[in-house]
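What follows is one structure encoded as structure tokens, with my remarks underneath.
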Amino acid sequence: MTQAAPVRYRIHPKNPAAHLFEVCCTVADPDPAGQVFSLPAWIPGSYLLREFAKNIVTLRAEAGGRPVAVEKLDKSSWRCASLLESGVEAGATLSVTYEVYAWDLSVRAAHLDTTHAYFNGTSVFLQVAGHEDRPCEVDIRAPDGESYAAWRVGTALPRLDAPPYGFGTYRAEDYDALIDHPVEIGDFALASFEAGGVPHDIVVYGRQHADLERLARDLKVICEQHIALFGALPPMERYVFLVMAVGDSYGGLEHRASTSLLCKRSDLPQPGESAVNNDYRTFLGLCSHEYFHTWNVKRIKPAAFMPYDLSRENHTRQLWAFEGITSYYDDLGLVRSGLISPESYLELLGQTATRVWRGSGRFKQSVAESSFDAWTKFYRQDENAPNAIVSYYTKGALIALALDLTLRAHTQDTRSLDDLMRALWTRYGAPGIGVPESAIEAMAAEIAGVDLDDFFARYVHGTEDPPLHELLDHMGVHFALRPADNAADTGGKPGRSTPEALARRGYLGVRSASDPLGARLVNVFEDSAAQQAGLSAGDIIIAVDGLRASKDNLEKLLAPWPPGSTVGLHAFRRDELMDFEVTLQAPPADTCVFTIDHNADEPVLARRRAWLGH
Ligand code: ZN
Numbered sequence: 245m246t247q248a249a250p251v252r253y254r255i256h257p258k259n260p261a262a263h264l265f266e267v268c269c270t271v272a273d274p275d276p277a278g279q280v281f282s283l284p285a286w287i288p289g290s291y292l293l294r295e296f297a298k299n300i301v302t303l304r305a306e307a308g309g310r311p312v313a314v315e316k317l318d319k320s321s322w323r324c325a326s327l328l329e330s331g332v333e334a335g336a337t338l339s340v341t342y343e344v345y346a347w348d349l350s351v352r353a354a355h356l357d358t359t360h361a362y363f364n365g366t367s368v369f370l371q372v373a374g375h376e377d378r379p380c381e382v383d384i385r386a387p388d389g390e391s392y393a394a395w396r397v398g399t400a401l402p403r404l405d406a407p408p409y410g411f412g413t414y415r416a417e418d419y420d421a422l423i424d425h426p427v428e429i430g431d432f433a434l435a436s437f438e439a440g441g442v443p444h445d446i447v448v449y450g451r452q453h454a455d456l457e458r459l460a461r462d463l464k465v466i467c468e469q470h471i472a473l474f475g476a477l478p479p480m481e482r483y484v485f486l487v488m489a490v491g492d493s494y495g496g497l498e499h500r501a502s503t504s505l506l507c508k509r510s511d512l513p514q515p516g517e518s519a520v521n522n523d524y525r526t527f528l529g530l531c532s533h534e535y536f537h538t539w540n541v542k543r544i545k546p547a548a549f550m551p552y553d554l555s556r557e558n559h560t561r562q563l564w565a566f567e568g569i570t571s572y573y574d575d576l577g578l579v580r581s582g583l584i585s586p587e588s589y590l591e592l593l594g595q596t597a598t599r600v601w602r603g604s605g606r607f608k609q610s611v612a613e614s615s616f617d618a619w620t621k622f623y624r625q626d627e628n629a630p631n632a633i634v635s636y637y638t639k640g641a642l643i644a645l646a647l648d649l650t651l652r653a654h655t656q657d658t659r660s661l662d663d664l665m666r667a668l669w670t671r672y673g674a675p676g677i678g679v680p681e682s683a684i685e686a687m688a689a690e691i692a693g694v695d696l697d698d699f700f701a702r703y704v705h706g707t708e709d710p711p712l713h714e715l716l717d718h719m720g721v722h723f724a725l726r727p728a729d730n731a732a733d734t735g736g737k738p739g740r741s742t743p744e745a746l747a748r749r750g751y752l753g754v755r756s757a758s759d760p761l762g763a764r765l766v767n768v769f770e771d772s773a774a775q776q777a778g779l780s781a782g783d784i785i786i787a788v789d790g791l792r793a794s795k796d797n798l799e800k801l802l803a804p805w806p807p808g809s810t811v812g813l814h815a816f817r818r819d820e821l822m823d824f825e826v827t828l829q830a831p832p833a834d835t836c837v838f839t840i841d842h843n844a845d846e847p848v849l850a851r852r853r854a855w856l857g858h
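Heads up: the sequence shown begins at 245 in this note's numbering, then just goes up one per residue.
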């Protein structure tokens, strides 16, 4: 039996200054009736239609030395004319050559300039209709010119005919694998370590002087923590952390054997430092999150994603589990591996809970609905989002916590969410079976040994807050809600204001941003003083009681007015000056703090140690 011919790609950063890749896709045995090609409309892991084909600037086809006519079928696909009708000899291969404009510095697309090249396959590699299961070969070419002599290649794509980190040919078992291995090309920094018997690379693009040896040591501990939970890494040749370090950005996207990360260069560990400061803790949490996805969502996948339909939205009500449980384990992995203290972990948990408690949208949308509508709501948030939707990440993480503690409580601490994750891995992830929509709930009940329908009805399909007070009490952790000290208070720590100061603090109920004219309202919270007075998102407050306002002094200007008092505000709506009489409210208790009870009984301490690993 002969093997089907691979689909061959060649990608060349042809004109870095113009941000243009030239890509060629060659098919040995195209559809005789006319071969169809398409580019994905979205990238798995980021649930928004991005219509990557809009960045294809030119496209032409040829076969047997003759041009072949190409017809655009819709926003993302093309059909080449039948080779027979194009006068091409039988058996000729069909090549489509196209230019891709790459100027999106995110983890979701492609970016090319004179400092580096980065791409996801979803942005650059055409899908050949009917050939999706064929193996793929990619010839990654260096840009032309001496100034690029130091450039090399960082990717988890297996090498076919290329030196380590070198230009040449790489392979993928099919199109799905091809687009799941992002590639960084440039004069990057590199650090390596081993975890679970698999080599791991950290590839860092950007101007930075980080302590990469320390980063490698710390990531090894985190990776081994997650590997120990699941038992082993899924089969892979290597795992690669692709990091783009810039002035100010944040993002991550998971892949089967790598992750793309975007961070502030100050989030990376600096030479001479040894403590885990808040910035580095954020970065480690991001790495931990994406690595956990290696199992949860890359292999334990919703059935709705098997296979992905890359032309349209793929709906599932389960993102709360795939993103929420992953968000729960990201910071939990840091405390369990000893990189941060339980107090530091609880501060992070308090910040997550604060983000949930500050949105009244959580009473209107369940996390199951938020998952389903991710494409049009969570990924397309507008100024009303805090009032209308809930995040399946943050509330999903709190539900994961509540589920973990519930499983422990029902089983006398013999089973936990760890067991649920292992069971999902064994039953669905390892054999490559999609997770049906209610399977996680059924499996959780199986592990708990009791019916959990009420739990899922209330917190996942309903809009109730998870019962963290009672569950955490059992762990010797106290959950308290308090008003925010000020607009910069992100929660997680005891408040600094005295009760007298809080009693005097009038609350407007907005989130604002700087504007040359004053304080621009980003969000106006439901039923807040600002909303009741008629202020709207987009309005620019220019004066409070006749004094010029800015984002930075807005709270100070309001300080003399206690709850219940009325103050005059001037604001621009578009170019129209308006005045408002605002009756300030008492600040809501929407800031979450978790504190450890150090005097708890020994059984409680034992439970807490089993949970946090300390
Ligand atoms: Zn995630």
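Using N, Cα and C, we set each Cβ at its ideal position, and we do this for glycine too.
Item to complete: Report whether the distance from the Cβ of E468 to the nearest heavy atom of ligand 1 is below 6 Å.
Response: Against the sequence shown, residue 468 aligns to sequence position 224. Outside the cutoff, so no.
Worksheet item: Is it true that the CB of A454 sits closer than 7 Å to the CB of P513?
Response: Taking the sequence shown and counting its residues from 1, one reaches residue 513 at position 269. Taking the sequence shown and counting its residues from 1, one reaches residue 454 at position 210. The answer is yes: Cβ separation under 7 Å.
Worksheet item: Would the segment 507-526 and the segment 631-649 be scored as touching if the rule is three or more Cβ pairs under 8 Å?
Response: no
Worksheet entry | Check: E567 C-beta below 6 Å from any heavy atom of ligand 1 | Numbered from its first residue, the sequence shown carries residue 567 at position 323. Yes.
Worksheet item: What is the C-beta distance between L447 and F485, in whole angstroms, given that I count them as a contact (C-beta under 8 Å)?
Response: Looking up residue 447 in the sequence shown gives position 203. Looking up residue 485 in the sequence shown gives position 241. Residue identity check: residue 447 is Val in the sequence provided, not Leu. Contact holds; Cβ gap of about 7 Å.
Worksheet item: Taking 6 Å as the line, does the beta carbon of T570 fall inside it for any heavy atom of ligand 1?
Response: Within the sequence shown, the letter at position 326 stands for residue 570. Result yes, Cβ under 6 Å from ligand 1.
Worksheet item: Between the Cα of D523 and the Cα atoms of R818, E534, P546, G491, which residue gives the shortest distance?
Response: Along the sequence shown, one-based indexing puts residue 523 at 279. Ranking the options by Cα distance to D523, first place goes to G491.
Worksheet item: Nearest-angstrom Cα distance between D318 and S555?
Response: Mapped onto the sequence shown, residue 318 falls at position 74. Mapped onto the sequence shown, residue 555 falls at position 311. Cα to Cα, the separation comes out at about 11 Å.
Discussion item. Within 8 Å, do at least three Cβ pairs link the segment 342-354 to the segment 290-302?
Written reply: yes
Worksheet item: For V446, does the three-state DSSP call read helix, strand or coil?
Response: Translated into the one-based positions of the sequence shown, residue 446 becomes position 202. It should be pointed out that residue 446 corresponds to Ile in this sequence rather than to Val. Residue state, collapsed to three classes: strand.
Item to complete: Specify, as a first and last residue, the run of the beta strand (DSSP E) that M488 falls within.
Response: In the sequence shown, the residue the question calls residue 488 occupies position 244. Residues 483-490.
Fill in: Inter-residue Cα distance where the pair is E438 and E468
Within the sequence shown, the letter at position 194 stands for residue 438. Within the sequence shown, the letter at position 224 stands for residue 468. Those two C-alpha atoms are separated by around 9 Å.
Worksheet entry | Where the beta strand (DSSP E) through G430 begins and ends | Along the sequence shown, read from residue 1 onward, the residue named residue 430 stands at position 186. Unbroken beta strand (DSSP E) run through G430: 427-430.
Fill in: Own chain, CB closer than 8 Å to T650, minus 5 neighbours either side, in chain order
Within the sequence shown, residue 650 is the residue found at index 406, counting from 1. A692, L696, F699, L715.
Worksheet entry | Contact check, V848 vs A724, beta carbons under 7 Å | Along the sequence shown, read from residue 1 onward, the residue named residue 848 stands at position 604. Along the sequence shown, read from residue 1 onward, the residue named residue 724 stands at position 480. Cβ distance not < 7 Å, so V848 and A724 don't count as in contact.
Item to complete: For D841, collect the residues of the same chain with a Cβ closer than 8 Å to its Cβ; drop the 5 residues on either side in sequence, then sort them by chain order.
Response: One-based indexing of the sequence shown puts residue 841 at position 597. Excluding positions up to five away in sequence, the list reads G720, V721, H722, V848.
Item to complete: Mind checking who W347 pairs with in its DSSP beta bridge?
Response: Stepping through the sequence shown from its first residue, residue 347 is reached at position 103. Partner(s): H355.
Practice prompt. Note the first and the last residue of the continuous alpha helix (DSSP H) segment covering D652.
Written response: Working through the sequence shown from its first residue, we reach residue 652 at position 408. In the sequence as displayed, the identity of residue 652 is Arg instead of Asp. Run containing R652: 638-654, per the alpha helix (DSSP H) assignment.
Fill in: For T366, the three-state DSSP class (helix, strand or coil)
To locate residue 366, count along the sequence shown from 1; it is residue 122. In the structure shown, T366 sits in a helix (DSSP, three-state: H, G or I).
Worksheet item: Excluding sequence positions up to five away, which residues of its chain have a Cβ less than 6 Å from the Cβ of H256?
Response: Walking along the sequence shown from the start, residue 256 turns up at place 12. Result list for H256: E266, R385, in chain order.
Item to complete: Taking only runs that begin and end inside the segment 503-559, name each unbroken alpha helix (DSSP H) of 4 or more residues, in chain order.
Response: 522-536
Practice prompt. Sort G577, T270, L356, S350 by Cα distance to S339 and report the nearest one.
Written response: What you label residue 339 is simply residue 95 of the sequence shown in a count that begins at 1. Per the Cα distances, T270.
Worksheet item: DSSP state of M245, grouped into three classes?
Response: Residue 245 sits at position 1 when you count from the first residue of the sequence shown. Residue placement at M245 is poorly supported in this model, since its pLDDT is 44, which falls under 50; the coordinates are not used for a value here.
Worksheet item: Roughly how many whole angstroms lie between the Cα atoms of D845 and H718?
Response: The count along the sequence shown starts at 1 and reaches residue 845 at position 601. The count along the sequence shown starts at 1 and reaches residue 718 at position 474. Spanning the two alpha carbons is a distance of roughly 10 Å.
Worksheet item: Which of helix, strand or coil does DSSP assign to T620?
Response: To locate residue 620, count along the sequence shown from 1; it is residue 376. Of the three classes helix, strand and coil, the one that applies to T620 here is coil, per DSSP.
Practice prompt. State the CB to CB distance for the pair A854 and D657, rounded to an integer number of angstroms; the pair is presumed to be in contact (CB under 8 Å).
Written response: For the purposes of this step, residue 854 is taken as residue 610 along the sequence shown, with counting starting at 1. For the purposes of this step, residue 657 is taken as residue 413 along the sequence shown, with counting starting at 1. Right, the Cβ-Cβ distance comes to about 6 Å (below 8 Å), so this counts as a contact.
Discussion item. Please confirm whether R482 has its beta-carbon closer than 7 Å to some beta-carbon of chain B.
Written reply: Of the protein chains in the structure, only one exists, and it is not chain B.
Worksheet item: When you compare only the Cα positions, how much space is there between F411 and R396?
Response: Here residue 411 refers to the residue found at position 167 when the sequence shown is read from its first residue. Here residue 396 refers to the residue found at position 152 when the sequence shown is read from its first residue. Taking the straight line joining both Cα atoms gives about 7 Å.
Fill in: Integer-rounded CB distance, given that R580 should sit under 8 Å from G857
Here the question's residue 857 lines up with position 613 in the sequence shown. Here the question's residue 580 lines up with position 336 in the sequence shown. The Cβ separation is near 4 Å, so the contact holds.
Worksheet item: Taking the alpha carbon of S320 as the point to measure from, which residue in A297, P551, V427 has its own alpha carbon closest?
Response: Your numbering for residue 320 matches position 76 in the sequence shown. Answer by Cα proximity: A297.
Discussion item. Less than 6 Å between C-beta atoms, sequence neighbours within five positions excluded: which residues of the same chain meet that for D648?
Written reply: For this step, residue 648 is matched to residue 404 along the sequence shown. The answer, listed in chain order, is S660, L661.
Worksheet item: Are F616 and R561 touching if we call contact CB-CB under 7 Å?
Response: By one-based count along the sequence shown, residue 616 stands at place 372. By one-based count along the sequence shown, residue 561 stands at place 317. Their beta carbons are under 7 Å apart, which means F616 touches R561 by this criterion.
Worksheet item: Counting pairs of Cβ atoms below 8 Å between the segment 762-770 and the segment 785-797, do you hit three or more?
Response: yes
Fill in: Local conformation of E820 per DSSP, three classes
To locate residue 820, count along the sequence shown from 1; it is residue 576. Strand, per DSSP.
Worksheet item: Between the C-alpha atoms of A781 and G808, what's the straight-line distance to the nearest angstrom?
Response: Position 537 of the sequence shown, counting from 1, holds the residue named residue 781. Position 564 of the sequence shown, counting from 1, holds the residue named residue 808. Roughly 23 Å between the two C-alpha positions.
Practice prompt. Identify the continuous alpha helix (DSSP H) that holds E498 and give its terminal residues.
Written response: For the purposes of this step, residue 498 is taken as residue 254 along the sequence shown, with counting starting at 1. No alpha helix (DSSP H) holds E498; the beta strand (DSSP E) holding it covers 495-498.
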